[in-house]
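*Asks:* Quick one: the structure is below, and I'll ask about it shortly.
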C-alpha cells in the first residue's frame with residue numbers, strides 16, 4: 007500500500023530540510039540519546055559505583071533524619087540552614103542517605119556540598135563539594151551537555167527542538183513509503199537500501215518514543231523561552247506566578263528578614279506523617295528552606311515509581327506543621343499533575359525496571375537511526391556527479407562523525423574502569439575519573455580518524471569497548487572483593503547486574519567482531535569485482551589517507 | 002538520491018524562510034498561547050499545556066515556512082498573526 011505522495015516541490019523541500027537539520031544535530035543528538043540511555047539507570051548503578059553503599063537495605067522509616075542534620079552541621083562550617091537543604095532517604099538501590107546543602111558568602115556566591123551518611127551508625131562516609139563518586143552523574147550530565155558552561159542546557163534544548171523538526175520533516179519526506187517500507191527491514195542488497203530501509207522502518211516503530219523525547223527534552227532545556235514571555239504577557243513580568251502554575255511548591259515566597267524560630271516541627275514528624283498517609287509511595291527527598299526562620303518550610307517529595315501520576319509534593323510550614331502546598335499522587339487536577347507526567351515520561355520512572363529496559367532499547371534503536379541517517383547522506387553522495395573534493399569532504403565528515411559516536415562505547419567502559427581504579431579515599435577523586443573519561447573519549451576519537459574504512463572503524467571500537475567491558479567485572483572483583491558469583495550469592499543484585507551486563511556486552515561484542523566483522527563484507531568483494539581494473543589503477547596510486555575509500559570505489 | 006536542486010529555493014528566499022520559521026514561528030506560538038491565556042480566568046492548566054503544545058506548534062510552523070513558496074508571504078502571515086494575538090492580549094489586559 008502506498009500513501010499519496012507529496013507534490014515534487016514539497017517533497018524536495020521537506021527532504022532537504024530533513025537532511026540539513028538532521029546532519030547538523032546528529033552528533034549532539036547521538037550523545038544525548040546514548041548517554042541518556044545509560045543515565046536512565048543512574049539510581050540502579052549507584053551501589054556498583056560506590057562500594058560504601060553496598061550495605062543491606064535499611065527501612066527508611068527507622069532513620070532519625072533530625073540526627074542527620076545535627077551530625078552534618080557539627081561536621082561542617084559551610085552549611086547555611088536558611089538556604090534550601092535536603093536529603094534522600096535510603097532506598098533499595100541506594101541504602102545511604104545523601105545530603106545536599108549550600109552556603110552563601112557576602113557576594114551572594116553559592117557554595118554547594120554533598121555528604122553521604124550511613125543510615126544506621128550516622129557516620130559521615132564522605133563529604134565535599136561533590137559526592138565522592140560521580141560516575142553515573144557524569145554520564146547523566148553529559149546527556150544535556152552540562153559540562154559546557156552556561157549554554158550547555160540550552161544547546162541540548164535546541165537539539166531536542168530541531169530533533170522534533172527533523173521528525174516532522176522526516177515523516178513528510180517518507181510519507182509515501184511509510185507503510186510498505188515498514189515491512190522492508192533488510193540486511194541484503196545495496197548499502198543505500200539497507201540504511202534507508204532501517205532508517206524508515208525503525209523510525210516508524212520508535213516514532214512515539216522520539217516525539218516524547220523531542221518535546222520533553224525541548225521543554226527541560228528551553229522552558230525559559232516559554233516562561234519568560236508568559237510572565238511578561240500574562241502576569242506583568244512576575245515570573246513567580248508562572249512558576250507557581252507549574253510547580254506550586256516553587257512559588258512560595260521566603261523572607262530573609264523573617265523572625266528567628268525557636269521551636270517548630272521537625273523532619274521526623276513530617277516524614278512519619280507523609281509516609282503513614284501514603285504507604286505505597288516512597289519518600290524520595292525531604293528538604294527544608296528558611297529552616298531557622300518563622301516562615302520556614304519542610305517539603306517532601308514522594309513517588310511510587312509505578313504510576314504515571316505516582317509522584318507528589320507536600321510542603322509543610324515549619325512553625326505550625328500545617329500543610330501549605332500539596333500535590334497528591336494520583337488524585338489531582340490536570341494543571342497540577344501534567345508537569346509531573348512530562349517529567350516521568352522523560353525519566354521513565356513510571357513502570358519499574360522493565361520499562362527502563364524498553365526505554366533503553368528504544369534509545370539504542372534511535373542511535374541506530376541517527377547513524378543510518380548519516381550513512382544515507384554519505385552513500386547517496388558517493389557518486390561521480392560529485393567532485394573529488396566534495397566526496398572527500400563527505401567522507402571526512404562521516405568518518406569524524408562515526409569516530410565521535412562509536413568511540414562512546416569504549417569511553418563508557420573506560421569511565422566504569424576509572425571509577426573502580428581511582429582509589430575511593432582520594433580527595434577530589436571525581437576530577438581524575440572524569441578526566442580519564444573525557445580525555446579517553448578524545449583519544450579514541452582521534453584514533454578513529456586514522457582508520458579509513460568504516461567497517462574497520464566500527465570493528466576496532468567494538469573490540470576496544472568489549473575488551474574494556476570485560477575488564478570491568480574483574481576490576482570490581484579485585485578492588486572490592488565482590489566478584490560476580492559473590493554478589494549473586496549475597497543477593498546484591500544491583501552490583502551483580504552491572505557486572506553481568508558488562509560481561510554479556512563484552513562477550514557478545516567479541517563474538518560479533520570475530521564472526522561477523524572480521525571477514526570482508528560480501529558486498530565489498532562484489533563491488534570490487536564490478537569496478538574492475540580502472541579502480542585498481544587509481545587505488546594503487548597511493549591516495550592520501552582520507553581519499554582511500556572514495557578513490558577505491560570510483 | 003539527495004533532494005532535487007531545481008525544487009529548492011534561492012539563498013535569499015532560504016534565509017527568509019529559516020528566519021520566518023524560527024523567529025516568526027516562535028512569536029506566533031508564544032502570542033497564540035498567551036492570547037488564549039489572556040481570555041481564561043484559570044491560567045494554570047493553560048501554562049502547563051503550553052509546555053508541550055508550544056514546541057509542537059513551533060516546529061509545525063517551521064515546517065509550514067519551508068513548505069511555502071514565498072518567504073516574504075510567510076513572514077507577512079506570521080507577523081499578521083502575531084499582531085492579531087497581541088491585540089487580543091492587549092484588549093484583555
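Residue numbers (the numbering used here), protein chains in the order written: chain A, 7 to 560; chain B, 2 to 94. In this text, a Cβ means the ideal position worked out from N, Cα and C, and glycines have one as well.
Note down the Cα distance separating residue 9 (chain B) from residue 42 (chain A), rounded to an integer number of angstroms.
*Replies:* Within the second chain, numbered from 1, the residue matching residue 9 (chain B) stands at position 8. Within the first chain, numbered from 1, the residue matching residue 42 (chain A) stands at position 36. One C-alpha to the other measures close to 36 Å.
*Asks:* By DSSP's criteria, residue 3 (chain A) is part of a beta bridge. Which residues make up the other side?
*Replies:* In the structure as shown, chain A begins at 7 and stops at 560. Residue 3 (chain A) is therefore absent and cannot be evaluated.
*Asks:* Give every residue of the same chain whose Cβ lies closer than 6 Å to the Cβ of residue 516 (chain A), excluding the five residues on either side of it in the sequence, and list them in chain order.
*Replies:* For the purposes of this step, residue 516 (chain A) is taken as the residue at position 510 of the first chain. The residues are 472.
*Asks:* Could you please give the first and the last residue of the uninterrupted alpha helix (DSSP H) stretch that includes residue 78 (chain B)?
*Replies:* By one-based count along the second chain, residue 78 (chain B) stands at place 77. Counting along the chain, the alpha helix (DSSP H) containing residue 78 (chain B) begins and ends at 72-93.
*Asks:* Could you give the distance in angstroms between the alpha-carbon of residue 19 (chain A) and the alpha-carbon of residue 371 (chain A)?
*Replies:* Against the first chain, residue 19 (chain A) aligns to sequence position 13. Against the first chain, residue 371 (chain A) aligns to sequence position 365. Roughly 27 Å between the two C-alpha positions.
*Asks:* Let me check understanding here. Comparing Cα to Cα, which of A:327, A:17 and A:178 lies closest to residue 6 (chain B)?
*Replies:* Translated into positions along the second chain, residue 6 (chain B) becomes position 5. It is A:17.
*Asks:* Which partner residues does residue 304 (chain A) have in the DSSP bridge list?
*Replies:* One-based indexing of the first chain puts residue 304 (chain A) at position 298. A:294 and A:322, per the DSSP bridge assignment.
*Asks:* Do the CB positions of residue 30 (chain B) and residue 344 (chain A) come within less than 9 Å of each other?
*Replies:* Taking the second chain and counting its residues from 1, the one referred to as residue 30 (chain B) is at position 29. Taking the first chain and counting its residues from 1, the one referred to as residue 344 (chain A) is at position 338. No; because the gap between Cβ atoms is not below 9 Å, this pair is not in contact.
*Asks:* Enumerate in chain order the residues of its own chain whose CB-to-CB distance from residue 47 (chain A) is below 8 Å, with the five nearest sequence positions on each side excluded.
*Replies:* Taking the first residue of the first chain as 1, we reach residue 47 (chain A) at position 41. Around residue 47 (chain A): 142, 362 and 366.
*Asks:* How about residue 295 (chain A) and residue 322 (chain A): do their beta carbons lie closer than 9 Å?
*Replies:* Your numbering for residue 295 (chain A) matches position 289 in the first chain. Your numbering for residue 322 (chain A) matches position 316 in the first chain. No, the Cβ-Cβ distance between residue 295 (chain A) and residue 322 (chain A) is not below 9 Å.
*Asks:* Which residue or residues does DSSP assign as beta-bridge partners of residue 91 (chain A)?
*Replies:* Counting from 1 along the first chain, the entry for residue 91 (chain A) is found at position 85. In DSSP, residue 91 (chain A) forms a bridge with A:294.
*Asks:* Output needed for residue 536 (chain A): all residues of its chain with C-beta closer than 8 Å, excluding positions within five of it in sequence on either side, in chain order.
*Replies:* By 1-based counting over the first chain, the position of residue 536 (chain A) is 530. Only weak support exists for where residue 536 (chain A) lies, its pLDDT of 48 falling under 50; the coordinates are left without a value.
*Asks:* Could you have a look at residue 9 (chain A) and say whether DSSP puts it in helix, strand or coil?
*Replies:* Here residue 9 (chain A) is taken as the residue at index 3 of the first chain, counted from 1. DSSP places residue 9 (chain A) in coil when its eight states are reduced to three.
*Asks:* Below 8 Å on C-beta distance, what does residue 248 (chain A) contact in chain B?
*Replies:* The residue you call residue 248 (chain A) lines up with position 242 of the first chain. Those within 8 Å of residue 248 (chain A) in chain B are 48.
*Asks:* If we ignore side chains and look at the alpha-carbon of each, how far apart do residue 165 (chain A) and residue 34 (chain A) end up?
*Replies:* Residue 165 (chain A) sits at position 159 when you count from the first residue of the first chain. Residue 34 (chain A) sits at position 28 when you count from the first residue of the first chain. Those two C-alpha atoms are separated by around 7 Å.
*Asks:* Would you call the CB atoms of residue 223 (chain A) and residue 28 (chain A) closer than 9 Å?
*Replies:* Indexing the first chain from 1 puts residue 223 (chain A) at position 217. Indexing the first chain from 1 puts residue 28 (chain A) at position 22. Going by C-beta atoms, residue 223 (chain A) is not nearer than 9 Å to residue 28 (chain A).
*Asks:* Is it buried or exposed for residue 40 (chain B), if we count other Cβ within 10 angstroms and need 16 for buried?
*Replies:* Here residue 40 (chain B) refers to the residue found at position 39 when the second chain is read from its first residue. Answer is exposed; the Cβ neighbour count stays below 16.
*Asks:* When the Cα of residue 46 (chain B) is compared with those of A:147, A:479, A:249 and A:120, which residue comes out closest?
*Replies:* The residue given as residue 46 (chain B) occupies position 45 in the second chain. For residue 46 (chain B), the nearest C-alpha among the options comes from A:249.
*Asks:* Looking only at its own chain, which residues have a Cβ that is under 7 Å from the Cβ of residue 9 (chain A), when we skip the five neighbours before and after it?
*Replies:* As a working mapping, residue 9 (chain A) is identified with position 3 in the first chain. So the list reads 181, 182, 184 and 185, once near-sequence residues are dropped.
*Asks:* With DSSP as the reference, label residue 266 (chain A) as helix, strand or coil.
*Replies:* The residue given as residue 266 (chain A) occupies position 260 in the first chain. Residue 266 (chain A) falls in the strand class under three-state DSSP.
*Asks:* State yes or no: is the beta carbon of residue 64 (chain B) nearer than 9 Å to at least one beta carbon in chain A?
*Replies:* Against the second chain, residue 64 (chain B) aligns to sequence position 63. Yes, its Cβ sits closer than 9 Å to a Cβ of chain A.
*Asks:* By Cβ distance, which residues of its chain are closer than 6 Å to residue 54 (chain A), with the 5 residues on each side in sequence left out?
*Replies:* Here residue 54 (chain A) refers to the residue found at position 48 when the first chain is read from its first residue. Correct list, in chain order: 501 and 504.
*Asks:* Closer than 6 Å by C-beta to residue 428 (chain A): which residues in its own chain qualify, once you throw out the five before and the five after it? Chain order, please.
*Replies:* Reading the first chain from its first residue, position 422 is the one you call residue 428 (chain A). Within the same chain, residue 428 (chain A) has close Cβ partners 435, 438 and 439.
*Asks:* Within 10 Å of its beta-carbon, does residue 376 (chain A) have 16 or more other beta-carbons around it, so buried, or fewer, so exposed?
*Replies:* Residue 376 (chain A) sits at position 370 when you count from the first residue of the first chain. Looking at its Cβ environment, which holds 16 or more other Cβ atoms inside 10 Å, residue 376 (chain A) is buried.
*Asks:* Residues of chain A with CB under 8 Å from residue 44 (chain B), in chain order?
*Replies:* Residue numbering aside, residue 44 (chain B) sits at position 43 when the second chain is read from its first letter. The contacting residues are 240 and 251.
*Asks:* Who pairs with residue 329 (chain A) in a beta bridge, going by DSSP?
*Replies:* Mapped onto the first chain, residue 329 (chain A) falls at position 323. For residue 329 (chain A), which the question treats as bridged, DSSP gives the partners A:322.
*Asks:* Quick check: the Cα distance between residue 88 (chain B) and residue 43 (chain B), rounded to an integer number of angstroms?
*Replies:* What you label residue 88 (chain B) is simply residue 87 of the second chain in a count that begins at 1. What you label residue 43 (chain B) is simply residue 42 of the second chain in a count that begins at 1. Rounded to whole angstroms, residue 88 (chain B) to residue 43 (chain B) spans 20 Å at the Cα level.
*Asks:* With a threshold of 6 Å on Cβ separation, who are the neighbours of residue 218 (chain A) within its own chain once the five nearest residues in sequence on each side are excluded?
*Replies:* Position 212 of the first chain holds residue 218 (chain A). Answer for residue 218 (chain A): 351, listed in chain order.
*Asks:* Label residue 364 (chain A) either buried or exposed according to how many other C-beta atoms from any shown protein chain fall within 10 Å of its C-beta, with 16 as the threshold for buried.
*Replies:* Within the first chain, the letter at position 358 stands for residue 364 (chain A). It counts as exposed.
*Asks:* Report the CB separation of residue 203 (chain A) from residue 190 (chain A) in whole angstroms; it is logged as a contact under 8 Å.
*Replies:* Indexing the first chain from 1 puts residue 203 (chain A) at position 197. Indexing the first chain from 1 puts residue 190 (chain A) at position 184. With 8 Å as the limit, residue 203 (chain A) and residue 190 (chain A) qualify as a contact, their Cβ atoms being about 5 Å apart.
*Asks:* Applying a beta-carbon distance threshold of less than 9 Å, which residues of chain B neighbour residue 344 (chain A)?
*Replies:* On the first chain, residue 344 (chain A) is found 338 positions in, with the first residue counted as 1. By Cβ distance, chain B contributes 46, 49, 50, 52 and 53.
*Asks:* Do residue 134 (chain A) and residue 116 (chain A) count as a contact pair if the criterion is CB distance below 9 Å?
*Replies:* Locating residue 116 (chain A) in the first chain gives position 110, where the first residue counts as 1. Locating residue 134 (chain A) in the first chain gives position 128, where the first residue counts as 1. Result no, Cβ atoms of residue 116 (chain A) and residue 134 (chain A) do not sit closer than 9 Å.
*Asks:* What does residue 299 (chain A) pair with, by DSSP beta-bridge criteria?
*Replies:* What you label residue 299 (chain A) is simply residue 293 of the first chain in a count that begins at 1. Paired residue(s): A:266.
*Asks:* Quick check for students: name the residue ranges of the alpha helix (DSSP H) that lie wholly in the stretch 23-57 of chain B, counting only runs of 4 or more.
*Replies:* The stretch 23-57 of chain B contains these whole alpha helix (DSSP H) runs: 26-40.
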